[in-house]
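Report on one structure; see the data block that follows.
Protein chains: 4
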Amino acid sequence: MTDIRSRYRALFGSGESTERIVFFSDAVFAIAMTLLVLDIKVPEVDGGNLGRELLDLAPEYLAYALSFIIIALNWMAHHRKFGVITGYTTNLVRLNFVLLLLVAFVPFPTALLSEYGSEASSVILYASVLGVIGLVQTSMWIYAHHAGLLDASVDEGVYRYVRGTGLVNPAVFALSILVALFIGPVAGTYSWLLIIPASLLADRIFTRK
Amino acid sequence: MTDIRSRYRALFGSGESTERIVFFSDAVFAIAMTLLVLDIKVPEVDGGNLGRELLDLAPEYLAYALSFIIIALNWMAHHRKFGVITGYTTNLVRLNFVLLLLVAFVPFPTALLSEYGSEASSVILYASVLGVIGLVQTSMWIYAHHAGLLDASVDEGVYRYVRGTGLVNPAVFALSILVALFIGPVAGTYSWLLIIPASLLADRIFTRK
Amino acid sequence: MTDIRSRYRALFGSGESTERIVFFSDAVFAIAMTLLVLDIKVPEVDGGNLGRELLDLAPEYLAYALSFIIIALNWMAHHRKFGVITGYTTNLVRLNFVLLLLVAFVPFPTALLSEYGSEASSVILYASVLGVIGLVQTSMWIYAHHAGLLDASVDEGVYRYVRGTGLVNPAVFALSILVALFIGPVAGTYSWLLIIPASLLADRIFTRK
Amino acid sequence: MTDIRSRYRALFGSGESTERIVFFSDAVFAIAMTLLVLDIKVPEVDGGNLGRELLDLAPEYLAYALSFIIIALNWMAHHRKFGVITGYTTNLVRLNFVLLLLVAFVPFPTALLSEYGSEASSVILYASVLGVIGLVQTSMWIYAHHAGLLDASVDEGVYRYVRGTGLVNPAVFALSILVALFIGPVAGTYSWLLIIPASLLADRIFTRK
Numbered sequence: 017m018t019d020i021r022s023r024y025r026a027l028f029g030s031g032e033s034t035e036r037i038v039f040f041s042d043a044v045f046a047i048a049m050t051l052l053v054l055d056i057k058v059p060e061v062d063g064g065n066l067g068r069e070l071l072d073l074a075p076e077y078l079a080y081a082l083s084f085i086i087i088a089l090n091w092m093a094h095h096r097k098f099g100v101i102t103g104y105t106t107n108l109v110r111l112n113f114v115l116l117l118l119v120a121f122v123p124f125p126t127a128l129l130s131e132y133g134s135e136a137s138s139v140i141l142y143a144s145v146l147g148v149i150g151l152v153q154t155s156m157w158i159y160a161h162h163a164g165l166l167d168a169s170v171d172e173g174v175y176r177y178v179r180g181t182g183l184v185n186p187a188v189f190a191l192s193i194l195v196a197l198f199i200g201p202v203a204g205t206y207s208w209l210l211i212i213p214a215s216l217l218a219d220r221i222f223t224r225k
Numbered sequence: 017m018t019d020i021r022s023r024y025r026a027l028f029g030s031g032e033s034t035e036r037i038v039f040f041s042d043a044v045f046a047i048a049m050t051l052l053v054l055d056i057k058v059p060e061v062d063g064g065n066l067g068r069e070l071l072d073l074a075p076e077y078l079a080y081a082l083s084f085i086i087i088a089l090n091w092m093a094h095h096r097k098f099g100v101i102t103g104y105t106t107n108l109v110r111l112n113f114v115l116l117l118l119v120a121f122v123p124f125p126t127a128l129l130s131e132y133g134s135e136a137s138s139v140i141l142y143a144s145v146l147g148v149i150g151l152v153q154t155s156m157w158i159y160a161h162h163a164g165l166l167d168a169s170v171d172e173g174v175y176r177y178v179r180g181t182g183l184v185n186p187a188v189f190a191l192s193i194l195v196a197l198f199i200g201p202v203a204g205t206y207s208w209l210l211i212i213p214a215s216l217l218a219d220r221i222f223t224r225k
Numbered sequence: 017m018t019d020i021r022s023r024y025r026a027l028f029g030s031g032e033s034t035e036r037i038v039f040f041s042d043a044v045f046a047i048a049m050t051l052l053v054l055d056i057k058v059p060e061v062d063g064g065n066l067g068r069e070l071l072d073l074a075p076e077y078l079a080y081a082l083s084f085i086i087i088a089l090n091w092m093a094h095h096r097k098f099g100v101i102t103g104y105t106t107n108l109v110r111l112n113f114v115l116l117l118l119v120a121f122v123p124f125p126t127a128l129l130s131e132y133g134s135e136a137s138s139v140i141l142y143a144s145v146l147g148v149i150g151l152v153q154t155s156m157w158i159y160a161h162h163a164g165l166l167d168a169s170v171d172e173g174v175y176r177y178v179r180g181t182g183l184v185n186p187a188v189f190a191l192s193i194l195v196a197l198f199i200g201p202v203a204g205t206y207s208w209l210l211i212i213p214a215s216l217l218a219d220r221i222f223t224r225k
Numbered sequence: 017m018t019d020i021r022s023r024y025r026a027l028f029g030s031g032e033s034t035e036r037i038v039f040f041s042d043a044v045f046a047i048a049m050t051l052l053v054l055d056i057k058v059p060e061v062d063g064g065n066l067g068r069e070l071l072d073l074a075p076e077y078l079a080y081a082l083s084f085i086i087i088a089l090n091w092m093a094h095h096r097k098f099g100v101i102t103g104y105t106t107n108l109v110r111l112n113f114v115l116l117l118l119v120a121f122v123p124f125p126t127a128l129l130s131e132y133g134s135e136a137s138s139v140i141l142y143a144s145v146l147g148v149i150g151l152v153q154t155s156m157w158i159y160a161h162h163a164g165l166l167d168a169s170v171d172e173g174v175y176r177y178v179r180g181t182g183l184v185n186p187a188v189f190a191l192s193i194l195v196a197l198f199i200g201p202v203a204g205t206y207s208w209l210l211i212i213p214a215s216l217l218a219d220r221i222f223t224r225k
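Protein chains in written order, with this note's numbering: chain U, 17 to 225; chain X, 17 to 225; chain B, 17 to 225; chain A, 17 to 225.
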């Protein structure tokens with residue numbers, strides 16, 4: 017009875033070529049990044065000053081650039097991981113789809129943030145989505161390690177380095193939710209800048225023997 | 017007189033490399049999935065409570081996730097099929113375009129469902145489109161088998177397993193249309209959860225010798 | 017003085033691998049086809065009958081399917097051509113971009129047709145854009161032949177067959193403009209059905225010795 | 017301590033295959049070009065003349081074609097560069113993302129230009145974005161040269177030719193900003209036509225020994 021299923025699994029359940037998965041993921045990353053611009057609407061000006069209106073769109077430009085950069089960094093992290101992942105399983109494909117579901121969702125919290133940047137709920141939703149994206153990326157890495165999908169060139173130190181530095185973004189986003197709730201939403205958005213020093217610090221910690 | 021036409025067909029009508037077809041299909045799947053987010057609109061709040069408004073968008077989030085997951089599962093089924101389809105014919109390309117026409121259409125019934133989830137006509141349209149997508153996938157599989165396009169490693173048992181389990185989704189969607197008509201639209205949407213036990217059952221039936 | 021320019025041209029002006037051009041074209045075709053669905057808007061119903069409103073969207077569904085199918089047929093024609101085009105020149109890339117500029121434009125005349133299907137100007141714009149797309153496809157084929165970019169397996173008979181049958185669509189679209197002007201816009205849209213018998217006829221003519 | 021980091025860098029920081037970067041860039045270029053059409057809205061006509069309304073959309077068509085062509089030319093320049101770039105570094109990937117961030121932004125200034133073509137701020141924003149895109153392209157070229165990423169077949173003369181001609185667009189766009197400010201916005205848009213003679217002139221200058 018399990019004969020057909022096991023033959024099916026041998027044929028379909030896993031494979032060595034991650035090319036189509038990587039390609040598909042790239043497409044979703046690229047489309048999500050490019051759709052972000054649709055949230056920046058041409059202002060309606062009658063008799064007013066267009067130049068001033070364009071400057072007033074600063075929150076829109078910032079939200080666009082922020083989400084574009086964060087998705088780009090996630091793409092780079094994904095790119096690096098799949099450079100050393102030498103095969104796939106159904107579970108890896110599922111985890112990857114959870115990641116893509118969240119990445120494709122980013123235009124919504126981005127639009128929300130650009131319109132309601134001083135509301136706690138916008139900041140919390142944005143930080144939650146982007147933080148969970150980081151967690152899923154790291155889960156994929158841990159899963160790939162345990163499932164024996166990583167290239168032999170990835171030693172234990174490098175594995176831990178990637179795993180540790182991958183948790184910096186989720187930690188800062190989690191902290192920013194607390195800041196948004198207890199200090200203020202705008203302070204919450206500024207706290208995202210902690211990603212820069214925290215990344216440098218994590219780099220030091222996880223390269224220590 | 018048929019000479020030119022037969023030389024044309026030999027050159028253009030079929031081929032061994034399914035790469036460009038697979039690539040093109042992937043692009044359509046990826047774009048359809050990523051466009052789903054455009055239906056979730058930033059709420060207009062003046063003086064109200066943004067947090068509450070964001071919670072009220074639950075039907076939008078659910079419809080987004082539901083369609084994303086169903087398209088993702090269809091992509092996986094497509095991916096698996098083309099892993100063992102070793103060539104193409106004009107008819108296979110046509111069937112594939114019927115599939116893509118329906119996949120690219122999914123954002124419309126999804127938007128409809130998120131706005132009118134308790135109306136029978138939304139539920140019926142959604143179930144029809146997604147059900148027919150499953151039927152077309154299975155038709156492609158049957159066609160590929162009869163046209164001799166499948167890899168020799170696909171034996172009769174595995175072929176029937178894929179054909180049989182591919183009909184679970186269409187059957188549940190057909191049933192949900194009856195439920196929506198005779199019991200109620202919301203009950204129709206809940207009946208989609210039957211896909212999970214029905215898949216497990218089909219797995220048992222089609223792995224029996 | 018022409019030394020640098022000729023070295024530049026030797027390096028950059030042409031090449032054997034059409035892969036990236038084909039890939040890029042596929043992406044534009046796929047995105048244009050998938051964006052078509054954005055023109056079908058969820059109806060606003062208050063107290064009315066949603067089922068009836070959904071049936072009233074028939075022109076939208078038809079325009080969606082029509083444009084999807086015509087772009088798909090153009091993709092297939094493009095796919096076939098690049099299957100036997102063995103290299104590229106800057107001029108071929110330019111012609112291809114003219115094609116893509118028109119393909120990416122199709123969502124606009126499609127939306128226009130679905131909203132103003134009984135107006136001569138919609139029908140004329142639609143027929144013009146789709147007809148010129150066919151002309152550019154055939155120009156690319158003629159150019160590739162004259163520039164010696166076709167595979168040796170394409171003999172004169174097959175070359176003429178592709179060139180001749182590629183002019184059926186433009187001819188029917190040109191005729192439909194006359195029909196829209198002198199008989200009526202709706203008759204103009206029906207005349208597009210002539211593509212089917214005209215294709216069969218052309219197939220006979222161009223396979224005659 | 018730097019051991020893990022250096023092993024990490026050896027594994028992840030650079031590589032020989034630019035395929036996934038090129039692919040990802042192509043997707044962003046293609047999506048940005050195809051999204052441009054969404055800015056051309058079907059006119060609302062009640063009792064009026066649709067044909068006339070369609071002619072009144074001339075600025076929209078022109079802005080669409082202009083941006084499509086400029087992005088296409090940038091894609092060709094990108095295509096050529098990556099044809100002779102034989103590897104990548106993290107810095108090259110970053111520069112490429114700055115380019116893509118700007119390319120994906122183009123639909124916004126395009127929409128602005130088509131609606132407010134006679135306002136200085138539209139013309140300035142458009143010229144700035146497109147001019148900086150040219151500068152980033154040339155920076156990538158200079159960087160690739162200095163980082164030793166160029167194929168050996170690119171000699172010093174060809175390198176300088178590409179670098180020099182790549183600065184024509186930024187120079188004309190910079191000039192057009194001055195024209196828009198001191199002569200007038202419409203004159204500014206006309207000054208973009210200088211790209212054609214300036215390109216021919218640059219071709220002469222940089223092919224001189």
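Built from N, CA and C at the ideal position, the CB exists for glycine as well. Here the structure is a predicted model, which means the values were calculated and not measured.
In this structure, how does DSSP classify valine 122/U when only helix, strand and coil are distinguished? coil
Closest to asparagine 65/B by CA distance: which of Ser207/X, Ala93/X, Ser138/X, Leu115/X is it? Ser138/X
The region 42 to 57 of chain X contacting the region 119 to 138 of chain X, beta-carbon criterion three pairs below 8 Å: yes
Beta-carbon neighbours of glutamate 135/U, restricted to chain X and to distances below 9 Å: Val61, Leu66, Gly67
Would you say isoleucine 20/A and valine 109/A are within 9 Å of each other, going by their C-beta atoms? no
Determine, for histidine 162/A, whether the minimum Cβ-Cβ distance to residues of chain B falls below 9 Å. no
Length of the line joining the Cα atoms of histidine 94/U and isoleucine 56/X: 26 Å
Quick one: Cα of leucine 197/U to Cα of alanine 79/U, how far? 20 Å
Does the distance between the C-beta of phenylalanine 98/B and the nearest non-hydrogen atom of the ligand COA fall short of 8 Å? As far as ligands go, the structure on display features none, and thus does not contain the ligand COA.
Report the rounded CA-to-CA distance for serine 215/B versus threonine 181/B, giving the unit in angstroms. 7 Å
Hey, is methionine 17/B's beta-carbon within less than 9 Å of any beta-carbon in chain A? Here methionine 17/B scores only 45 on pLDDT, less than 50, and its place in the model should not be relied on; the value that follows carries that caveat. It does; some Cβ of chain A falls within 9 Å.
Over what stretch of residues does the alpha helix (DSSP H) that includes valine 145/X continue unbroken? 136 to 162
Opposing strand residues paired with leucine 166/B [DSSP bridges]: Ile101/B
Cα-Cα separation, alanine 208/U to leucine 183/B: Note that residue 208/U corresponds to tryptophan in the displayed sequence, not to alanine. So the alpha carbons of these two residues sit roughly 58 Å apart.
Mapping the DSSP letters down to three states, classify proline 186/B as helix, strand or coil. helix
Using beta-carbon positions only, say whether valine 58/B and leucine 128/X come within less than 9 Å of one another. yes
Does methionine 17/A pass the burial test, meaning 16 or more other C-beta atoms within 10 Å, or should it be called exposed? At methionine 17/A, the pLDDT of 45 sits below 50, so the modelled position is not reliable and the matter cannot be decided from this model.
Do you know offhand how far leucine 217/A's Cα is from tyrosine 24/A's? 47 Å
What would DSSP say about tyrosine 226/U, mapped onto helix, strand or coil? Only positions 17 to 225 of chain U appear in the structure, and residue 226/U is not among them; the question remains open.
Test: valine 44/A CB closer than 9 Å to a CB of chain U: yes
Proximity test, Cβ basis, 9 Å: leucine 70/B and chain X: yes
Report buried or exposed for leucine 71/A, applying the criterion of at least 16 other Cβ atoms within 10 angstroms of its Cβ. exposed
Under DSSP, the alpha helix (DSSP H) around aspartate 219/A begins and ends at which residues? 211 to 222
Mind checking whether leucine 111/X and tyrosine 159/X have CB atoms under 9 Å apart? yes
Which term fits proline 213/X, buried or exposed, when burial requires 16 or more other beta carbons within 10 angstroms of its beta carbon? exposed
Could one say the Cβ of serine 169/X lies closer than 9 Å to chain U's Cβ atoms, at least one of them? yes
Scan the region 89 to 112 of chain A for residues whose Cβ lies nearer than 8 Å to a Cβ of chain B and list them as they occur along the chain. Trp91, Met92, His95, Arg96, Gly99, Val100
Residue-chain proximity (phenylalanine 84/B, chain X), Cβ-Cβ < 9 Å: yes
Leucine 146/X: buried (16+ other C-beta within 10 angstroms of its C-beta) or exposed? buried
Is serine 34/B close to chain X, meaning its C-beta is less than 9 Å from at least one C-beta of that chain? Here the sequence assigns threonine to residue 34/B, which means serine is not the residue at that position. Not closer than 9 Å to any Cβ of chain X, the Cβ of threonine 34/B fails to qualify, so no.
Taking 9 Å as the CB-CB cut-off, is threonine 50/U touching chain A? yes
Keeping to the same chain, check which residues put their C-beta closer than 7 Å to that of serine 155/U; ignore five residues upstream and five downstream. Leu111
Give the interface partners of tyrosine 142/A over in chain B, defined as CB-CB distance under 7 Å, in chain order. None at all; the shortest Cβ gap to chain B is about 19 Å.
Counting only Cβ pairs nearer than 8 Å, list the residues of chain X close to alanine 81/B. Leu117
How big is the Cα-Cα spacing for tyrosine 255/U and glycine 99/U? Here chain U covers residues 17 to 225 and nothing more, so residue 255/U does not appear.
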